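Peer 1:
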Amino acid sequence: MRSTGPRTPRPLTLDPTPAARAARRRRARGETATAWAFISPAVLVILGLSVVPLLWSLLLSFRADDLVTPGRWVGLDNYHALSKDPAFRTAVKNTLIYAGVYVPLSLAGGLALALALNRRIRLVGLYRTLVFIPFVVSATAQGVLFSFIFDPEFGVANALLHHIGLSPQGFLSDPGQALYVLLLISLWSGIGFCVIVYLAALQDVPVELVESARLDGANRAQVLRHVTLPSLTPVTVFLVLWQFIIALQVFDLVYVTTKGGPLGATTVIVYFVWEQAFQNFTAGYGASAAYVLAIGLVAAAVVLRLYRRHRERTGATAVPGAGVARAEGAGR
């Protein structure tokens, strides 16, 4: 049935005159020009410091160039040579070992310390500060400090070993130990970052979920497994990617302490790139190695993005910890 009530009259609108439309367009163009005038310096800086070097290094990777004499186009020869270079394979292996050990240990150590410091204990602020301080110390300063500590003749480490009756070690001068000593130094600083991130994430774990799990009879380990850890999953994924990128880009510590030695035992990809470009003066070859590293970083970012999409599709927002104790009790 049609409505018989009074109809509300539609307001009248006047079409703008051609002169008004032209004035509006001029005003819009003027505002656009003003906006570009304000942001153009920042855009030029970004282009000059990131995009232009990125494209130039990509072009350089297809050339035989020492940055001094005129270069020549070699196509994919640099990449083909990389695939057969034992030094590059060693650098890739060292980098993967470094990342494979550094990432899980830094996350595990950071989570353990964060859980320990996420309590109401005396001087907790001091403890958190002491844990975070190594992270803000530059890699160069860390390298200088630990070069003295692990000096095979006058270092504190060998002095302590001698004091307890153990034989001295080569540490940074031993090909079998140097990479793992660098890992320990990196963990000393890298764990602090994970602690701070996990501490911040622990503050967002819903207290209601924890209390509900405890009312269901869950003990501390069950609450950690079924409530806390699932709530920390997004942060953990971020830290895995972040620490993996940090591990792939390690350079300062290697340069200050071992310079890739002894016998190439600590040569990583970034140091290999620097060595090829600025010591061997084969900038094109070094640029091709840098782009291999860039492909690895992009692949890590793609994996993270796919994981996030997978979590969104599978309903990652489900409430963790529901019926923890009841579920485990039924399983028994």
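Per the UniProt record's numbering, the very first residue in the sequence shown carries number 1; after that it's consecutive.
The beta-carbon is built from N, C-alpha and C at its ideal position, and this holds for glycine as well.
Just so we're clear, the structure is a prediction, and the values are computed from it rather than from any experiment.
In whole angstroms, what separates the C-alpha of A99 from that of Y127?
Peer 2: Looking up residue 99 in the sequence shown gives position 99. Looking up residue 127 in the sequence shown gives position 127. Between A99 and Y127, the C-alpha separation is close to 27 Å.
Peer 1: Hey, would you say V181 sits closer than 8 Å to F135, going by beta carbons?
Peer 2: Against the sequence shown, residue 181 aligns to sequence position 181. Against the sequence shown, residue 135 aligns to sequence position 135. Contact: no.
Peer 1: What residue range does the alpha helix (DSSP H) around L161 cover?
Peer 2: Walking along the sequence shown from the start, residue 161 turns up at place 161. Counting along the chain, the alpha helix (DSSP H) containing L161 begins and ends at 156 to 163.
Peer 1: What are the residues that DSSP puts in a beta bridge with R72?
Peer 2: Taking the first residue of the sequence shown as position 1, residue 72 is located at position 72. A64, per the DSSP bridge assignment.
Peer 1: Can you name the start and end residues of the alpha helix (DSSP H) that K93 belongs to?
Peer 2: Counting from one through the sequence shown, the residue named residue 93 turns up at place 93. Note, K93: alpha helix (DSSP H), 86 to 117.
Peer 1: Using the rule of at least 16 other Cβ atoms within 10 Å of the residue's Cβ for burial, across every protein chain shown, is Q203 buried or exposed?
Peer 2: Residue 203 sits at position 203 when you count from the first residue of the sequence shown. Per the 10 Å Cβ criterion, exposed.
Peer 1: Does the beta-carbon distance from L107 to T228 come in below 8 Å?
Peer 2: Here residue 107 corresponds to residue number 107 of the sequence shown, with the count starting at 1. Here residue 228 corresponds to residue number 228 of the sequence shown, with the count starting at 1. No. Outside cutoff.
Peer 1: Return yes when the Cβ of I269 is within less than 8 Å of the Cβ of A289, no when it is not.
Peer 2: Counted from its first residue, the sequence shown places residue 289 at position 289. Counted from its first residue, the sequence shown places residue 269 at position 269. Going by C-beta atoms, A289 is nearer than 8 Å to I269.
Peer 1: For G190, does the count of other Cβ atoms within 10 angstroms reach 16, so buried, or fall short, so exposed?
Peer 2: Counted from its first residue, the sequence shown places residue 190 at position 190. Buried.
Peer 1: Would you call the CB atoms of I196 and F132 closer than 8 Å?
Peer 2: Against the sequence shown, residue 196 aligns to sequence position 196. Against the sequence shown, residue 132 aligns to sequence position 132. Their beta carbons are under 8 Å apart, which means I196 touches F132 by this criterion.
Peer 1: Note down the Cα distance separating R25 from A19, rounded to an integer number of angstroms.
Peer 2: Position 25 of the sequence shown, counting from 1, holds the residue named residue 25. Position 19 of the sequence shown, counting from 1, holds the residue named residue 19. Approximately 10 Å, taken between the alpha carbons.
Peer 1: Jot down the residue ranges of each uninterrupted alpha helix (DSSP H) in the segment 224 to 284, minimum 4 residues, whole runs only, in chain order.
Peer 2: If we require 4 residues or more, the alpha helix (DSSP H) runs fully inside the segment 224 to 284 come out as 233 to 248, 252 to 257, 269 to 278.
Peer 1: How far does the alpha helix (DSSP H) with L209 in it reach, from first residue to last?
Peer 2: Sequence index remark: in the sequence shown, residue 209 carries index 209 (1-based). Counting along the chain, the alpha helix (DSSP H) containing L209 begins and ends at 207 to 215.
Peer 1: Suppose the cutoff is 8 Å on Cβ atoms and the five residues either side in sequence are ignored; what does the same chain contact list for L306 look like?
Peer 2: The residue given as residue 306 occupies position 306 in the sequence shown. Here the set comprises nothing.
Peer 1: Using a Cβ-Cβ cut-off of 8 Å (strictly less than) and excluding sequence neighbours within five positions of L161, which residues of its own chain qualify?
Peer 2: In the sequence shown, counting from the first residue as 1, residue 161 sits at position 161. Answer for L161: S167, P168, Q169, listed in chain order.
Peer 1: DSSP three-state label for V137, please.
Peer 2: The count along the sequence shown starts at 1 and reaches residue 137 at position 137. V137 falls in the coil class under three-state DSSP.
Peer 1: Are at least three pairs of beta-carbons, each pair with one atom in the segment 84 to 98 and one in the segment 259 to 266, less than 8 Å apart?
Peer 2: Yes, the segment 84 to 98 is in contact with the segment 259 to 266.
Peer 1: On the CB-based measure, 16 or more other CB atoms within 10 Å of its CB, does F278 come out buried or exposed?
Peer 2: Working through the sequence shown from its first residue, we reach residue 278 at position 278. Exposed, by the Cβ-count rule.
Peer 1: Compare the beta carbon distance of L241 and L304 with 8 Å and say whether it is the shorter of the two.
Peer 2: Numbered from its first residue, the sequence shown carries residue 241 at position 241. Numbered from its first residue, the sequence shown carries residue 304 at position 304. Yes.
Peer 1: Report yes if the CB atom of G143 is closer than 8 Å to the CB atom of V43, and no otherwise.
Peer 2: Within the sequence shown, numbered from 1, the residue matching residue 143 stands at position 143. Within the sequence shown, numbered from 1, the residue matching residue 43 stands at position 43. No, Cβ-Cβ distance for G143 and V43 is not below 8 Å.
Peer 1: For the candidate residues L111, L224, R29, T282, whose alpha-carbon lies nearest to that of F193?
Peer 2: Taking the sequence shown and counting its residues from 1, one reaches residue 193 at position 193. The shortest C-alpha separation from F193 is found at L111.
Peer 1: Could you work out which residue in L199, I185, W73 is closest to L145 when comparing CA atoms only?
Peer 2: Taking the first residue of the sequence shown as 1, we reach residue 145 at position 145. Of L199, I185, W73, the residue nearest in Cα terms is I185.
Peer 1: Give the range of the alpha helix (DSSP H) segment to which S189 is assigned.
Peer 2: To locate residue 189, count along the sequence shown from 1; it is residue 189. Where S189 is concerned, the enclosing alpha helix (DSSP H) stretches over 178 to 202.
Peer 1: Please determine, among G260, A287, A247, the residue with the shortest C-alpha to C-alpha distance to L96.
Peer 2: Numbered from its first residue, the sequence shown carries residue 96 at position 96. Taking only the C-alpha atoms, the option nearest L96 is A247.
Peer 1: Among R311, G284, L183, whose alpha-carbon lies nearest the alpha-carbon of L253?
Peer 2: What you label residue 253 is simply residue 253 of the sequence shown in a count that begins at 1. Among R311, G284, L183, the Cα nearest to that of L253 belongs to L183.
Peer 1: Are F281 and A87 close, meaning C-beta to C-beta below 8 Å?
Peer 2: One-based indexing of the sequence shown puts residue 281 at position 281. One-based indexing of the sequence shown puts residue 87 at position 87. Cβ atoms of F281 and A87: not closer than 8 Å.
Peer 1: On the three-state DSSP scale, how would you describe R120?
Peer 2: Stepping through the sequence shown from its first residue, residue 120 is reached at position 120. In the structure shown, R120 sits in coil (DSSP, three-state: anything other than H, G, I, E or B).
Peer 1: Rounded to whole angstroms, how far is the Cβ of L187 from the Cβ of L105, which I believe are closer than 8 Å?
Peer 2: For this step, residue 187 is matched to residue 187 along the sequence shown. For this step, residue 105 is matched to residue 105 along the sequence shown. Correct: roughly 6 Å between the Cβ atoms.
Peer 1: Taking DSSP as the reference, what is the three-state secondary structure of F148?
Peer 2: Numbered from 1 along the sequence shown, position 148 holds the residue referred to as residue 148. DSSP places F148 in helix when its eight states are reduced to three.
Peer 1: Taking G109 as the reference, give the member of I46, A22, Q222, Y198 with the closest Cα.
Peer 2: As a first step, residue 109 must be located in the sequence shown, where it is residue number 109. Measuring from the Cα of G109, the nearest candidate turns out to be Y198.
Peer 1: Between F148 and the rest of its own chain, which residues show a CB-CB distance below 7 Å, the 5 nearest in sequence each way excluded?
Peer 2: On the sequence shown, position 148 is the one that residue 148 refers to. Here the set comprises G155.
Peer 1: By Cβ distance, which residues of its chain are closer than 7 Å to G201, with the 5 residues on each side in sequence left out?
Peer 2: Position 201 of the sequence shown, counting from 1, holds the residue named residue 201. Here the sequence assigns Ala to residue 201, which means Gly is not the residue at that position. Taken in chain order, the residues that qualify are L232, V235.
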